[in-house]
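This report concerns only the one structure given below.
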Amino acid sequence: MKIFDYNIGAVGLNEEQLCKEGFEPISVIVPGPDRDHFFPSAKLIYIKLIADRKSKKVLGSQIIGGGDILSRLYTITTAISSGMKVSDIAKLDLAYAPPYSSAMDIIITAANVLNNKIDGNYNGISPVELKDKLKRRENIILLDVRSHSEYDFDSIPGSTHIPLNALRGRLHQFPKDREIIICCRSGVNSYEGLRIFKASGFNNVKVLDGGIVTFRGEII
1 MKIFDYNIGA VGLNEEQLCK EGFEPISVIV PGPDRDHFFP SAKLIYIKLI
51 ADRKSKKVLG SQIIGGGDIL SRLYTITTAI SSGMKVSDIA KLDLAYAPPY
101 SSAMDIIITA ANVLNNKIDG NYNGISPVEL KDKLKRRENI ILLDVRSHSE
151 YDFDSIPGST HIPLNALRGR LHQFPKDREI IICCRSGVNS YEGLRIFKAS
201 GFNNVKVLDG GIVTFRGEII
């Protein structure tokens, strides 16, 4: 459907429906351009990809944004009806034409992120879960790893700011017994920050799914 400037679509089941059907859903939220970012016509879309944790089969998705969502819905519909696993989507070789798509489509990016989450290489937290933690004033450390200019322009109140390129030299400032949630613009740098913490023996570290873009959007 279309509501003002947003295209909105969903296929399969959502997490609540999957739980009622006896599945163990796991999901990620990934924002990205609907075509190569250097094209003036590129628009941001948000994809929530859902799978069953045990079978790793794709079971649902919701997509919203100003760009093309229909081709992504077709891909996920085919994946669901064919019983494809998340790893199968990650290996797809989709058509590439810069005015219409990226070399690595956002669907493939979302599948790779979800695959990492299923395998335990990525620990994510949804914007809704983070908002609940902040509302309850839980004793978490919210770490923003964006640049100084990005942080000064817009940040989540109460967050700690350390640019990603300075993180390794300041790990000693973080206690290992507190939950650390890393955020950046869209989640890419946060994942790199997660790997830095993991390599240094930190186990209670998560990434904000979709980053600040999704946290501010509140649309999935």
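Throughout the sequence shown, residue numbering follows my numbering, covering 1 to 220 in sequence.
Ideal Cβ placement from N, Cα and C applies to all residues, glycine included.
Bear in mind the structure is a predicted one, so any value in this text is a computation, not a measurement.
Span of the alpha helix (DSSP H) around Val113
Here the alpha helix (DSSP H) through Val113 covers Ile106 to Ile118.
*Please report the Cβ distance between Arg185 and Ile212, rounded to the nearest whole angstrom; I am assuming they are in contact, meaning their Cβ atoms lie under 8 Å.*
Ile212 and Arg185 do touch by the CB rule: their CB atoms are close to 6 Å apart, below 8 Å.
Just curious, the beta strand (DSSP E) that Asn7 is in, first and last residue?
-> For Asn7, the enclosing beta strand (DSSP E) begins and ends at Tyr6 to Gly12.
### Query
Is Leu92 helix, strand or coil by DSSP?
Leu92: coil per DSSP, three-state reduction.
**Asked** Nearest to Ile204 by alpha carbon, out of Pro98, Thr78, Asn123 and Phe23?
**Response** Note that residue 204 corresponds to Asn in the displayed sequence, not to Ile. Comparing alpha-carbon positions, the option among Pro98, Thr78, Asn123 and Phe23 lying closest to Asn204 turns out to be Asn123.
Taking 8 Å as the threshold (C-beta atoms), are Lys133 and Ile140 in contact?
Yes, these two residues count as a Cβ contact at 8 Å.
Exercise for the section: Using beta-carbon positions only, say whether Leu49 and Ala111 come within less than 8 Å of one another. Expected result: Going by C-beta atoms, Leu49 is nearer than 8 Å to Ala111.
Next on the checklist: I need the DSSP call for Asp52, collapsed to helix, strand or coil.
Outcome noted: Here Asp52 sits in strand by DSSP.
Q | Short Cβ contact (8 Å threshold) for Ile76 with Ile69 | A | No; because the gap between Cβ atoms is not below 8 Å, this pair is not in contact.
message = According to DSSP, simplified to helix, strand and coil, what is Ser61?
response = Strand at Ser61.
If we ignore side chains and look at the alpha-carbon of each, how far apart do Glu218 and Pro127 end up?
Summary for Glu218: the model assigns pLDDT 48, below 50, so the residue's position carries little reliability; its value from the coordinates is reported in the next sentence. C-alpha separation (whole angstroms): 8 Å.
>> Using only CA atoms, which one of Ser149, Val113 and Ile45 lies nearest to Asn7?
In response: For Asn7, the nearest C-alpha among the options comes from Ile45.
Exercise. Let me know the beta strand (DSSP E) ranges lying completely inside the stretch 144 to 196, each 3 residues or longer, listed in chain order.
Key: 180 to 183, all fully within the stretch 144 to 196.
* Thinking C-alpha only, which one of Ile108, Arg168 and Asp119 is nearest Lys56? -> Among Ile108, Arg168 and Asp119, the Cα nearest to that of Lys56 belongs to Asp119.
Own chain residues within Cβ distance below 8 Å of Asp5, not counting five before or after | If the five residues before and after Asp5 are omitted, its C-beta is found closer than 8 Å to the C-beta atoms of Gly66, all from its own chain and listed in chain order.
message = Considering just the uninterrupted stretch of the alpha helix (DSSP H) at Pro99, what are its terminal residues?
response = Where Pro99 is concerned, there is no enclosing alpha helix (DSSP H), given that its DSSP letter is neither H nor E.
**OP:** Just the C-alpha distance for His148 and Arg137, rounded to the nearest angstrom, thanks.
**Re:** Take the alpha-carbon of His148 and the one of Arg137: they are about 26 Å apart.
Going by DSSP, which residues form a beta bridge with Lys85? In DSSP, Lys85 forms a bridge with Lys57.
What are the start and end residues of the beta strand (DSSP E) that includes Met25? Residue identity check: residue 25 is Pro in the sequence provided, not Met. Run containing Pro25: Pro25 to Pro33, per the beta strand (DSSP E) assignment.
* When the Cα atoms are used, what is the spatial distance from Phe38 to Lys20? -> Looking at the two C-alpha atoms, the distance is approximately 43 Å.
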